[in-house]
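Peer 1:
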Amino acid sequence: MALGVIYTGEPEAAIKDFVKLLMKHKDIQGAVIPVKMEREGSYAFVFTKSPEVVDKSSPIAPVMPVQGARVLSKLTKRKPLTKPAVAVLKPCEVRAARELSKINQVCMESFITVSFDCPGVYPTKSFLKNADALEEEFKKGLKGLSVSGVRPLCESCTYFTGEFADFEVQFAGINEVRIIARSQRAEAILKGLGKAEEVEERDKKAIEAVLEARKKAKEALKTEFAEKVSTPEKLLSVLSSCINCHNCRSVCPICFCRECFFDSDSLKTPPHLYLERASRKGGLRFMPDTLLFHLGRMNHMSLSCVSCGTCEDACPNMVPVSRLFALVSERTRAIFDYVPGIDDRPSPFLEYREEELEEYEMPYYEARS
Amino acid sequence: MSEKGFEPKIVGFLCYWCSYTAADLAGISRLKYPPNIRIIRVMCSSRVDPVFIIKALLDGADGVLVAGCKPGDCHYQKGNYYARRKVALTKKILESLGLEPERVMLSWVPASEAPKFAEVVKEFTERIRKLGPNPMKERVFV
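Line by line, the protein sequences are chains Y and E. Following my numbering, the numbering of the first sequence begins with 11 at its first residue and continues without gaps. Following my numbering, the numbering of the second sequence begins with 266 at its first residue and continues without gaps.
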């Protein structure tokens with residue numbers, strides 16, 4: 011049993027009603043929520059104080075062109091909001107925001123997060139080609155969490171419930187919509203609104219089938235994709251269409267640096283030195299340093315990667331970046347036994363133990379044998 | 266290049282307070298060690314961004330040595346612990362993608378132990394010599 015509210019009807023309508031309810035609380039100002047843009051047919055986050063805008067919103071949007079954690083970061087990286095706002099986020103956005111709050115890029119105190127059972131999102135490009143039909147299909151598959159054609163990482167995402175937000179919205183596998191308070195703050199808000207009821211939590215079995223299917227997809231992705239990048243030749247052919255535009259980094263919620271190291275002067279080659287670099291190697295690929303960019307970025311952010319797939323969505327040339335990063339991130343964070351966005355510990359870059367990792371102090375092949 | 270004629274190029278990032286001082290002392294004491302190492306002094310081993318290591322490996326180095334003070338002896342108290350985490354991460358990434366993590370080595374060399382420095386350089390150079398030239402440095406499409 012937990013404190014919560016029960017709604018009947020469609021999940022989206024329930025979330026909207028709940029957000030409007032929260033906005034009536036004296037300590038809450040406004041909401042951050044996805045809204046369908048009338049003209050373009052795509053979705054964008056809107057920060058609003060008006061219940062009418064919430065009425066028009068689509069809390070469970072079928073695409074994610076902008077990662078919600080970036081929105082929260084924009085709003086609070088300098089200082090907290092004067093009063094908290096409600097933020098309706100997908101589970102991976104909540105995880106990214108939690109990860110960013112560890113490095114002082116998001117102030118979680120400024121947001122009452124609401125998250126839900128997520129069926130995944132379509133790649134924006136395939137969605138825009140056929141928006142109306144896909145929207146229909148998304149609505150149909152929503153309650154069963156079975157939508158086909160979503161991002162490859164969504165298909166294999168195993169953290170698809172809203173349990174890490176302040177309020178978790180449960181609707182998959184049950185008849186009604188249960189909104190459950192997951193933090194003390196959330197409980198206090200419900201009590202303040204006079205709405206706190208004891209609600210029975212969803213039986214884990216109700217979503218077991220979905221979880222199993224996703225786990226299976228994850229295993230398949232790991233083995234199939236790992237094979238595709240197992241040698242330098244294969245890796246380079248996977249990256250061969252990369253034009254080094256750095257879009258993947260620009261949309262990444264974890265890449266928060268105001269100036270990226272890869273855009274800085276330290277890595278620029280003065281024009282007259284290109285020939286020297288080329289003659290050393292026999293030739294130089296343009297744009298140069300593509301592999302360096304990807305490998306370097308893995309070093310910088312793979313420990314915090316929440317595998318949301320936004321990087322691949324933004325890639326103009328269909329490089330499977332998100333799968334590559336998800337694969338590497340899975341392995342790197344295993345060293346520190348760390349799960350980004352879920353662990354309460356600080357990021358592994360921010361702490362250390364005096365006795366650890368001895369196997370890395372000696373040459374690798376000895377440690378392995 | 267034949268195996269015999271192969272002279273490894275090694276980039277060494279040495280911390281100012283211990284490893285670089287040890288290298289200095291090795292020079293003053295006229296200790297012999299292979300001339301294959303090109304030393305870059307950094308103020309602390311944790312200053313070494315993993316990108317430096319990868320850039321060196323993709324752009325001509327056969328091996329990269331990162332050396333700092335012994336755990337517990339860091340001039341900045343905890344820099345070398347962070348360096349160890351970073352190097353572990355880099356090696357894991359290289360390993361995940363089949364890119365020879367053996368070419369990266371992390372070592373601790375106290376300031377007073379010049380013979381140890383010579384030993385580390387000798388051992389690492391030999392190891393890289395056995396491993397052969399780094400295929401990445403001659404690949405055009407990186």
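Every residue, glycine too, gets a C-beta built ideally from N, C-alpha and C.
For C252 (chain Y) and A182 (chain Y), what's the separation of their Cα atoms in angstroms?
Peer 2: Taking the first residue of the first sequence as position 1, residue 252 (chain Y) is located at position 242. Taking the first residue of the first sequence as position 1, residue 182 (chain Y) is located at position 172. Rounded to the nearest whole angstrom, the C-alpha separation of C252 (chain Y) and A182 (chain Y) is 38 angstroms.
Peer 1: Answer yes or no: does any C-beta atom of chain E fall closer than 8 angstroms to that of V329 (chain Y)?
Peer 2: Residue 329 (chain Y) sits at position 319 when you count from the first residue of the first sequence. Between V329 (chain Y) and chain E, the shortest Cβ-Cβ separation is not below 8 angstroms.
Peer 1: Ignore the nearest five residues each way along the sequence and tell me which others in E207 (chain Y)'s own chain have a CB closer than 8 angstroms to its CB.
Peer 2: Translated into positions along the first sequence, residue 207 (chain Y) becomes position 197. Non-local C-beta neighbours of E207 (chain Y) in its own chain, meaning closer than 8 angstroms and more than five positions away in sequence, comprise L13, G14, V15 and I16, ordered along the chain.
Peer 1: Just to confirm, are V331 (chain E) and L396 (chain E) a CB contact at a threshold of 8 angstroms?
Peer 2: Taking the second sequence and counting its residues from 1, the one referred to as residue 331 (chain E) is at position 66. Taking the second sequence and counting its residues from 1, the one referred to as residue 396 (chain E) is at position 131. In this structure, L396 (chain E) does not lie closer than 8 angstroms to V331 (chain E) by Cβ.
Peer 1: Note down the Cα distance separating G159 (chain Y) from D353 (chain Y), rounded to an integer number of angstroms.
Peer 2: The residue given as residue 159 (chain Y) occupies position 149 in the first sequence. The residue given as residue 353 (chain Y) occupies position 343 in the first sequence. Each residue's CA atom was taken as its position, placing G159 (chain Y) and D353 (chain Y) some 30 angstroms apart.
Peer 1: Check whether the segment 283-298 of chain Y and the segment 306-321 of chain Y are in contact - that is, three or more C-beta pairs closer than 8 angstroms.
Peer 2: no
Peer 1: When the cut-off is 8 angstroms and only beta carbons count, does N309 (chain Y) lie next to chain E?
Peer 2: Walking along the first sequence from the start, residue 309 (chain Y) turns up at place 299. N309 (chain Y) counts as touching chain E.
Peer 1: Taking only three categories from DSSP, how would you classify F100 (chain Y)?
Peer 2: Indexing the first sequence from 1 puts residue 100 (chain Y) at position 90. The sequence shown places Lys at residue 100 (chain Y), not Phe. In the three-state reduction of the DSSP assignment, K100 (chain Y) falls in the coil class.
Peer 1: What would DSSP say about S402 (chain Y), mapped onto helix, strand or coil?
Peer 2: Only positions 11 to 379 of chain Y appear in the structure, and residue 402 (chain Y) is not among them; the question remains open.
Peer 1: Could you name the residues of the same chain whose beta carbon sits closer than 7 angstroms to that of P380 (chain E), not counting the 5 residues immediately before and after it, in chain order?
Peer 2: Counting from 1 along the second sequence, the entry for residue 380 (chain E) is found at position 115. Same-chain partners within the cutoff: L296.
Peer 1: Let's test the definition: count the other Cβ atoms within 10 Å of the Cβ of V405 (chain E) and tell me whether it reaches 16, buried, or not, exposed.
Peer 2: If you number the second sequence from 1, residue 405 (chain E) lands on position 140. V405 (chain E) comes out exposed.
Peer 1: Would you say G363 (chain E) faces chain Y, with C-beta separation under 8 angstroms as the test?
Peer 2: If you number the second sequence from 1, residue 363 (chain E) lands on position 98. Judged by the 8 angstroms Cβ criterion, G363 (chain E) is in contact with chain Y.
Peer 1: Grab me the residues of P263 (chain Y)'s own chain with a C-beta within less than 6 angstroms of its C-beta, minus the 5 sequence neighbours each way, in chain order.
Peer 2: Counting from one through the first sequence, the residue named residue 263 (chain Y) turns up at place 253. Only Q77, A79, R80 and A106 meet the Cβ criterion.
Peer 1: From which residue to which residue does the alpha helix (DSSP H) around V316 (chain E) run?
Peer 2: Numbered from 1 along the second sequence, position 51 holds the residue referred to as residue 316 (chain E). First-last of the alpha helix (DSSP H) with V316 (chain E): P315 to L323.
Peer 1: Check the Cβ-Cβ distances between T241 (chain Y) and every residue of chain E, and say whether any is below 8 angstroms.
Peer 2: Start at 1 with the first residue of the first sequence, and residue 241 (chain Y) comes out as number 231. Yes, because at least one Cβ of chain E sits closer than 8 angstroms to the Cβ of T241 (chain Y).
Peer 1: Does the segment 323-342 of chain E come into contact with the segment 269-282 of chain E, if we say contact requires no fewer than three beta-carbon pairs (one atom in each stretch) closer than 8 angstroms?
Peer 2: As far as the Cβ criterion goes, the segment 323-342 of chain E touches the segment 269-282 of chain E, which means the pair count is three or higher.
Peer 1: Using the Cα positions of V73 (chain Y) and A41 (chain Y), report the straight-line distance between them to the nearest angstrom.
Peer 2: The residue you call residue 73 (chain Y) lines up with position 63 of the first sequence. The residue you call residue 41 (chain Y) lines up with position 31 of the first sequence. Rounded to the nearest angstrom, the two C-alpha atoms are 19 angstroms apart.
Peer 1: Report all residues from its chain with a CB closer than 7 angstroms to the CB of E376 (chain Y); omit the five preceding and five following residues, and keep chain order.
Peer 2: As a first step, residue 376 (chain Y) is located in the first sequence; it is residue number 366 there, counting from the start. Here E376 (chain Y) scores only 46 on pLDDT, less than 50, and its place in the model should not be relied on; the value that follows carries that caveat. Correct list: empty, nothing qualifies.
Peer 1: Taking the alpha-carbon positions, what's the K387 (chain E) to C270 (chain Y) distance?
Peer 2: Taking the second sequence and counting its residues from 1, the one referred to as residue 387 (chain E) is at position 122. Taking the first sequence and counting its residues from 1, the one referred to as residue 270 (chain Y) is at position 260. Each residue's alpha carbon lies about 37 angstroms from the other.
Peer 1: The alpha helix (DSSP H) with M297 (chain Y) in it runs from where to where?
Peer 2: Position 287 of the first sequence, counted from the start, is the residue given in the question as residue 297 (chain Y). M297 (chain Y) -> no alpha helix (DSSP H), and no H or E assigned at all.
Peer 1: Who are the Cβ neighbours of Y348 (chain Y) in its own chain at under 6 angstroms, not counting the five residues just before and after it?
Peer 2: On the first sequence, position 338 is the one that residue 348 (chain Y) refers to. Closer than 6 angstroms at the Cβ level, and outside the excluded window around Y348 (chain Y), lie P358.
Peer 1: C280 (chain E) by DSSP, collapsed to three states: which one?
Peer 2: By one-based count along the second sequence, residue 280 (chain E) stands at place 15. Residue state, collapsed to three classes: strand.
Peer 1: State the Cα-Cα distance for the pair P129 (chain Y) and V307 (chain E), rounded to the nearest angstrom.
Peer 2: Residue mapping note: residue 129 (chain Y) aligns to position 119 of the first sequence, counting from 1. Residue mapping note: residue 307 (chain E) aligns to position 42 of the second sequence, counting from 1. The straight-line gap from Cα to Cα measures roughly 49 angstroms.
Peer 1: Whose Cβ in chain E lies nearer than 9 angstroms to the Cβ of I113 (chain Y)?
Peer 2: If you number the first sequence from 1, residue 113 (chain Y) lands on position 103. Neighbours of I113 (chain Y) on chain E: none; closest Cβ ~15 angstroms, over 9 angstroms.
Peer 1: Which same chain residues, not among the five before or five after G202 (chain Y), have their C-beta less than 7 angstroms away from its C-beta?
Peer 2: As a first step, residue 202 (chain Y) is located in the first sequence; it is residue number 192 there, counting from the start. Answer for G202 (chain Y): H35, listed in chain order.
Peer 1: Classify A236 (chain Y) as helix, strand or coil using the three-state DSSP reduction.
Peer 2: Counted from its first residue, the first sequence places residue 236 (chain Y) at position 226. Note: A236 (chain Y) maps to helix in three-state DSSP.
Peer 1: Given a cut-off of 8 angstroms on the beta-carbon distance, is the pair S120 (chain Y) and L99 (chain Y) in contact?
Peer 2: The sequence position of residue 120 (chain Y) within the first sequence is 110, counting from 1. The sequence position of residue 99 (chain Y) within the first sequence is 89, counting from 1. Contact flag unset, no.
Peer 1: T123 (chain Y) by DSSP, collapsed to three states: which one?
Peer 2: Looking up residue 123 (chain Y) in the first sequence gives position 113. Correct three-state label for T123 (chain Y): strand.
Peer 1: Quick check on M400 (chain Y): buried or exposed, where buried means 16 or more other Cβ atoms within 10 Å of its Cβ?
Peer 2: Absent from the structure is residue 400 (chain Y), since the part of chain Y shown begins at 11 and ends at 379.
Peer 1: Considering only their Cβ atoms, is the gap separating P44 (chain Y) from A71 (chain Y) smaller than 8 angstroms?
Peer 2: What you label residue 71 (chain Y) is simply residue 61 of the first sequence in a count that begins at 1. What you label residue 44 (chain Y) is simply residue 34 of the first sequence in a count that begins at 1. Contact: yes.
Peer 1: Which one of Y:E361, Y:G293 and Y:S52 has the shortest CA to CA distance from K139 (chain Y)?
Peer 2: The sequence position of residue 139 (chain Y) within the first sequence is 129, counting from 1. Out of Y:E361, Y:G293 and Y:S52, the CA that lies nearest to the CA of K139 (chain Y) is found in Y:S52.
Peer 1: At a Cβ cut of 7 angstroms, what residues of the segment 84-101 of chain Y count as close to chain E, listed as they run along the chain?
Peer 2: For the segment 84-101 of chain Y, the set of residues with a beta-carbon nearer than 7 angstroms to any beta-carbon of chain E is empty.
Peer 1: In angstroms with no decimal places, state the Cα-to-Cα distance between H340 (chain E) and I304 (chain E).
Peer 2: Walking along the second sequence from the start, residue 340 (chain E) turns up at place 75. Walking along the second sequence from the start, residue 304 (chain E) turns up at place 39. When rounded, the distance between both Cα atoms is 20 angstroms.
Peer 1: Looking at chain E, is there any beta carbon in it that lies within less than 8 angstroms of the beta carbon of G159 (chain Y)?
Peer 2: Walking along the first sequence from the start, residue 159 (chain Y) turns up at place 149. Chain E, which has no Cβ nearer than 8 angstroms to the Cβ of G159 (chain Y), makes this no.
Peer 1: Take the Cβ of D213 (chain Y) as the centre, count every other Cβ of all protein chains shown within 10 Å, and call the residue buried at 16 or more, exposed below.
Peer 2: The count along the first sequence starts at 1 and reaches residue 213 (chain Y) at position 203. Per the 10 Å Cβ criterion, exposed.
Peer 1: Which ranges does the alpha helix (DSSP H) cover as unbroken runs of at least 4 residues, wholly within the segment 304-361 of chain Y, from first to last along the chain?
Peer 2: 320-324 and 331-346
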